[in-house]
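> Here it is: the structure, laid out below.
Number of protein chains: 2
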Amino acid sequence: MTLAGRAVHEIQESLPGPRVVLGHGAPMTLESGAVLGPVTVAYRTWGALNDARSNAILICHALTGDQYAVGAHPITGKPGWWELMVGPGKPIDTDRFHVICPNCLGGCMGTTGPAAADPETGDLYGMSFPVITIRDMVEVQARLLDQLGIEKVMCVIGGSMGGMQVLEWVARHGDRVVSAVPIAGAARHSAQNIAFHEVSRQAIMADPDWRGGFYYREGKRPESGLSVARMAAHITYLSEPALWRKFGRSLQDRYAKSFGFGADFQVESYLRHQGASFVERFDANAYLYITRAMDYFDLVAEFDGDLANAWKDTGTRFLLVSFTSDWLFPTSESKEVVRSLNRAGANVSFVEIESDKGHDAFLLDEPDLFATTGGFLDSVARELEI
Amino acid sequence: MTLAGRAVHEIQESLPGPRVVLGHGAPMTLESGAVLGPVTVAYRTWGALNDARSNAILICHALTGDQYAVGAHPITGKPGWWELMVGPGKPIDTDRFHVICPNCLGGCMGTTGPAAADPETGDLYGMSFPVITIRDMVEVQARLLDQLGIEKVMCVIGGSMGGMQVLEWVARHGDRVVSAVPIAGAARHSAQNIAFHEVSRQAIMADPDWRGGFYYREGKRPESGLSVARMAAHITYLSEPALWRKFGRSLQDRYAKSFGFGADFQVESYLRHQGASFVERFDANAYLYITRAMDYFDLVAEFDGDLANAWKDTGTRFLLVSFTSDWLFPTSESKEVVRSLNRAGANVSFVEIESDKGHDAFLLDEPDLFATTGGFLDSVARELEI
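Here the protein sequences line up with chains H and C, keeping their order. For the first sequence, position 24 (counting from the first letter as 1) is numbered 24 according to our numbering, and the numbering increases by one without interruption. Numbering-wise, our numbering comes out as the position in the second sequence, counting from 1, plus 1000.
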């Protein structure tokens, strides 16, 4: 099964895992003022909720992630994107914690997004879907927890865009968050990151098969554009040393240069594969909307230019994690958050992990990340007598 | 006048400045073994050649540069790309030196490239143009100098891809080069840089108007693809601090977010402008061929894994320059060259200039660059009694 060749919304309807309609079918007012809905949320859970309902951990996924953090992905068949972190005996221990991972608002794996049908008209949204924000994503998650009867979570955790959501969670619903772990995140999207996102969006919108965003109707998909977008983004997820270590200037299946435009170098072949496999599982319009939400994220501006205002009297415990070779969400951006937390007198730990794996390190085998996160969660759980 | 909307080769024929056919009309064998030609070279000169023919300086331009280093560009009308460096009383002093700047092989400003007509058939080359290399570019320049009666140059200088050519010049024709100034260059293209180039090529080739490279015939041009390619590349020419200083998260002509997909942020608007203006003056196929030449460049491999072999018994004086915030051709890559020159016992100066302007610093107002280059050239000239 792939998202290519079939209408994406049909697949969304058939994906494994629960889906709930929020607010008893009432629409939701977004940060922009637009009214959307009713909103459907697709999510997955692992581990049992305890009687005190105190052991819930909410995972917020990154730009191209989804609710399938654990277990085979229904489209690609590959392992979940955070198998190393989540499971029995893992740092996010599903023998001890009740773990919830929803697909984000605007996504393409069952939660309401541009490929979903407008409940009022039955038409697919396409570009008539309203622009959403990180705050809207968090609001949807908060309403999902309401509906699941979970008043407080012992932790909200996530990397990259997930880290943005973690910060927004504490800023907006701090009383519901015992602890927060933003990994490789930032309080606002940088000019360079906006620039890279804009290139990706232009690549998608330049593809004639995008059809002004209404490609669903015509059975088309802007696969070339989305593939180029993914290739460009993928470079930013890695570090130069990691690329050099992994590929160097090695040639692909060839003893010498071909003097042509095939994928001579292994790094070219790798990138092409990243692009081609991504389009099988992701919707181009969802990519547009979610990147826009990230670009709009600016918690500093939201709190009048001083991030410390976001954490006034916070009782939430924080663990921030960054990676030395991450140039997309560099350590300096996590440190900006840490400084604001210190100004607000918050309980905060910060770890910069030595790694040459770049931004993607939060998804990879990083023992320091697992030890730090596991130790932090254990300490929070013991305080709560879990 | 723009390169858009008219056949590019017609414009090439009408550009100001001399053009010469190399080798009395004989074709040239390329590094790949392919035979090309006869090859035409378009170039510009400034300042007079002295009687001893000893005061020539050869400028090698970068990927998207051309021969119009000084004076209004015939297509854009903008000042030459190196006005700050070249001119009367400037570091490359045209009152004292005879300066030559040719358009590179594979380019689109009058030198033979994919948009030129195959002299044998009269058809435009398109993708039947052979893949070229940095060594081929240098070979064409060497033959141009032969034809101009210049046996030795007092300096070969260039930034970025120009820096690659400078290194190739000394490695292949060291006896003809009194001094060499590679700026923000490298002895081989890194995996990350190959990756960015591959994204650019895929963006161009994904544009249906590319037509397999034969768009000239059909009066089409892959403008969207080339624009996306330029936008992605442009990010790599700047530094994150420079982008932040220049744009931050400032909004464009708006007091608040539009909650749409227009260019809300100034950085988006700037990038779109970079893409749109680039396609007016550059040919998409030339972009493919020149990026490929850069990717193939590996002087370390050419000299059996030890770059010092390239400089055996060299009498050439070197000045290498890098910039602290250049992450495309970082200082470490210039240092690799410096170490090899030291191993070979060469006469080498190296300056790392403090700048937050990124790779593009070599084109911008960098007083340290001008002082260093000017001082070096003056010293070389005085040794030659110029």
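Backbone N, C-alpha and C define an ideal beta-carbon position, used for all residues, glycine too. Quick caveat: nothing in here was measured; it's all calculated off a predicted structure.
(1) Check whether the Cβ atoms of C/GLY1080 and C/VAL1070 lie closer than 7 Å to each other.
(2) Output the boundary residues of the beta strand (DSSP E) element that contains C/GLY1071.
(3) Residues in its own chain within less than 7 Å of C/HIS1273 by CB, not counting five upstream and five downstream?
(4) How big is the Cα-Cα spacing for H/SER355 and H/THR373?
(5) Is C/ARG1211 helix, strand or coil by DSSP?
(6) Contact check, C/LEU1288 vs H/PHE261 under 8 Å by CB: the rounded distance?
(7) Enumerated in chain order, which unbroken segments of the alpha helix (DSSP H) with a length of 4 residues or greater are wholly contained in the region 104-173 of chain H?
(8) In angstroms with no decimal places, state the Cα-to-Cα distance between C/GLN1141 and H/SER258.
(9) Please name the residue, chosen from H/GLU218, H/GLY107, H/SER340 and H/ASP264, that lies closest to H/VAL41 on a Cα-to-Cα basis.
(10) Whole angstroms are fine: how far does the CA of C/ILE1059 sit from the CA of C/ALA1004?
(11) Measure the beta-carbon distance from H/LEU63 to H/MET161 and round it to whole angstroms, keeping in mind my assumption that it falls under 8 Å.
(12) So, C/ARG1044 versus C/CYS1104, is the Cβ gap smaller than 7 Å?
(13) Hey, is C/ILE1194's beta-carbon within less than 7 Å of any beta-carbon in chain H?
(14) Are there 16 or more other CB atoms within 10 angstroms of the CB of H/ALA52, so buried, or fewer, so exposed?
(15) Any beta carbon from chain C within less than 7 Å of H/ARG172's own beta carbon?
(16) Keeping to the same chain, check which residues put their C-beta closer than 7 Å to that of H/ARG230; ignore five residues upstream and five downstream.
(17) Taking the Cβ atom as the reference point for each residue, do H/ALA389 and H/GLY185 lie within a distance shorter than 7 Å?
(18) For C/ASP1118 versus C/TYR1125, is the C-beta spacing smaller than 7 Å?
(19) Determine whether the Cβ of C/ASP1298 lies closer than 7 Å to any Cβ atom of chain H.
(20) Below 8 Å on the Cβ atoms is my contact criterion, and I expect C/ALA1361 with C/PHE1323 to pass it. Report the Cβ-Cβ distance as a whole number of Å.
(21) List the endpoints of the continuous beta strand (DSSP E) containing C/PRO1182.
(22) Which same chain residues end up closer than 8 Å to H/ILE134 when comparing Cβ atoms and leaving out the 5 residues on each side of it in sequence?
(23) For C/GLY1110, does the count of other Cβ atoms within 10 angstroms reach 16, so buried, or fall short, so exposed?
(24) Which chain C residues sit within Cβ distance under 7 Å of H/LYS257?
(25) Have a look at the DSSP bridge pairing and note the partners of H/VAL86.
(26) Using CA coordinates, which residue listed in C/PRO1018, C/ALA1180 and C/LEU1015 is at the minimum distance from C/ALA1056?
(27) Taking only beta-carbon positions, decide if C/ILE1386 is within less than 7 Å of chain H.
(28) Mind checking who C/VAL1099 pairs with in its DSSP beta bridge?
(29) In chain H, which residues lie with their C-beta within 8 Å of the C-beta of C/GLY1225?
(30) Looking at chain C, is there any beta carbon in it that lies within less than 7 Å of the beta carbon of H/SER32?
(31) Excluding five sequence neighbours on each side, which residues of the same chain lie with their C-beta closer than 8 Å to the C-beta of C/ARG1382?
(32) Taking the alpha carbon of C/ARG1176 as the reference point, which residue from C/SER1200, C/ALA1284 and C/GLY1315 has its own alpha carbon closest?
(33) For the beta strand (DSSP E) that H/ARG317 lies in, which residues bound it at each end?
Result, derived from the coordinates:
(1) Locating residue 1080 of chain C in the second sequence gives position 80, counting from the first residue. Locating residue 1070 of chain C in the second sequence gives position 70, counting from the first residue. Yes.
(2) For the purposes of this step, residue 1071 of chain C is identified with residue 71 of the second sequence, where counting begins at 1. Element bounds for C/GLY1071: n/a, residue is neither H nor E.
(3) Your numbering for residue 1273 of chain C matches position 273 in the second sequence. Apart from sequence neighbours up to five positions away, no residue of its chain approaches C/HIS1273 with a beta-carbon distance below 7 Å.
(4) Residue numbering aside, residue 355 of chain H sits at position 355 when the first sequence is read from its first letter. Residue numbering aside, residue 373 of chain H sits at position 373 when the first sequence is read from its first letter. Inter-residue distance for H/SER355 and H/THR373 is about 16 Å (C-alpha atoms, whole angstroms).
(5) Along the second sequence, read from residue 1 onward, the residue named residue 1211 of chain C stands at position 211. Helix at C/ARG1211.
(6) Here residue 1288 of chain C refers to the residue found at position 288 of the second sequence. Here residue 261 of chain H refers to the residue found at position 261 of the first sequence. That belief holds up - the Cβ atoms of C/LEU1288 and H/PHE261 are roughly 7 Å apart, short of 8 Å.
(7) 134-147 and 161-173
(8) Position 141 of the second sequence holds residue 1141 of chain C. Position 258 of the first sequence holds residue 258 of chain H. Cα to Cα, the separation comes out at about 24 Å.
(9) Here residue 41 of chain H is taken as the residue at index 41 of the first sequence, counted from 1. Taking only the C-alpha atoms, the option nearest H/VAL41 is H/GLY107.
(10) Taking the first residue of the second sequence as 1, we reach residue 1004 of chain C at position 4. Taking the first residue of the second sequence as 1, we reach residue 1059 of chain C at position 59. Any answer about C/ALA1004 is weak, because its pLDDT of 47 lies below 50 and its placement is not dependable; what the coordinates show is given next. One Cα belongs to C/ALA1004, the other to C/ILE1059, and the distance between them is close to 27 Å.
(11) Taking the first sequence and counting its residues from 1, one reaches residue 63 of chain H at position 63. Taking the first sequence and counting its residues from 1, one reaches residue 161 of chain H at position 161. About 5 Å; that satisfies the 8 Å criterion.
(12) One-based indexing of the second sequence puts residue 1044 of chain C at position 44. One-based indexing of the second sequence puts residue 1104 of chain C at position 104. For C/ARG1044 and C/CYS1104, no; Cβs fall outside 7 Å.
(13) Indexing the second sequence from 1 puts residue 1194 of chain C at position 194. Chain H contact via Cβ: present.
(14) Taking the first residue of the first sequence as 1, we reach residue 52 of chain H at position 52. Result: exposed.
(15) Walking along the first sequence from the start, residue 172 of chain H turns up at place 172. For H/ARG172, the answer is no, since every Cβ of chain C falls outside 7 Å of its Cβ.
(16) Here residue 230 of chain H refers to the residue found at position 230 of the first sequence. Excluding sequence positions up to five before and after H/ARG230, its CB lies within less than 7 Å of the CB of GLN274, GLY275 and PHE278, all in the same chain and listed in chain order.
(17) It is not possible to answer for residue 389 of chain H, since the shown part of chain H is limited to 1 through 386.
(18) The count along the second sequence starts at 1 and reaches residue 1118 of chain C at position 118. The count along the second sequence starts at 1 and reaches residue 1125 of chain C at position 125. Yes, Cβ-Cβ distance for C/ASP1118 and C/TYR1125 is below 7 Å.
(19) Numbered from its first residue, the second sequence carries residue 1298 of chain C at position 298. Yes, C/ASP1298 lies at the interface with chain H (some Cβ there is under 7 Å from its Cβ).
(20) The sequence position of residue 1361 of chain C within the second sequence is 361, counting from 1. The sequence position of residue 1323 of chain C within the second sequence is 323, counting from 1. With a Cβ gap of about 4 Å, C/ALA1361 and C/PHE1323 count as contacting.
(21) The residue labelled residue 1182 of chain C in the question sits at position 182 within the second sequence. Annotation for C/PRO1182: the continuous beta strand (DSSP E) segment containing it runs 1179-1183.
(22) Within the first sequence, residue 134 of chain H is the residue found at index 134, counting from 1. Closer than 8 Å at the Cβ level, and outside the excluded window around H/ILE134, lie MET161, MET164, GLN165, GLU168, ALA293, MET294, TYR296 and PHE297.
(23) Against the second sequence, residue 1110 of chain C aligns to sequence position 110. Burial call: buried.
(24) Locating residue 257 of chain H in the first sequence gives position 257, counting from the first residue. Residues of chain C passing the Cβ test: TYR1296.
(25) Residue 86 of chain H sits at position 86 when you count from the first residue of the first sequence. Looking at the DSSP assignment, H/VAL86 forms a beta bridge with H/ILE92.
(26) Locating residue 1056 of chain C in the second sequence gives position 56, where the first residue counts as 1. Of C/PRO1018, C/ALA1180 and C/LEU1015, the residue nearest in Cα terms is C/ALA1180.
(27) In the second sequence, the residue the question calls residue 1386 of chain C occupies position 386. No - not a single Cβ of chain H is within 7 Å of the one on C/ILE1386.
(28) Residue numbering aside, residue 1099 of chain C sits at position 99 when the second sequence is read from its first letter. For C/VAL1099, which the question treats as bridged, DSSP gives the partners C/TRP1046 and C/ILE1057.
(29) For the purposes of this step, residue 1225 of chain C is taken as the residue at position 225 of the second sequence. Per Cβ cutoff of 8 Å: ALA206.
(30) In the first sequence, counting from the first residue as 1, residue 32 of chain H sits at position 32. Yes - at least one Cβ of chain C is within 7 Å of the one on H/SER32.
(31) Counting from one through the second sequence, the residue named residue 1382 of chain C turns up at place 382. Within the same chain, C/ARG1382 has no close Cβ partners at all.
(32) Position 176 of the second sequence, counted from the first residue, corresponds to residue 1176 of chain C. For the residues C/SER1200, C/ALA1284 and C/GLY1315, the minimum Cα distance to C/ARG1176 belongs to C/GLY1315.
(33) Within the first sequence, residue 317 of chain H is the residue found at index 317, counting from 1. Its beta strand (DSSP E) spans residues 317-323.
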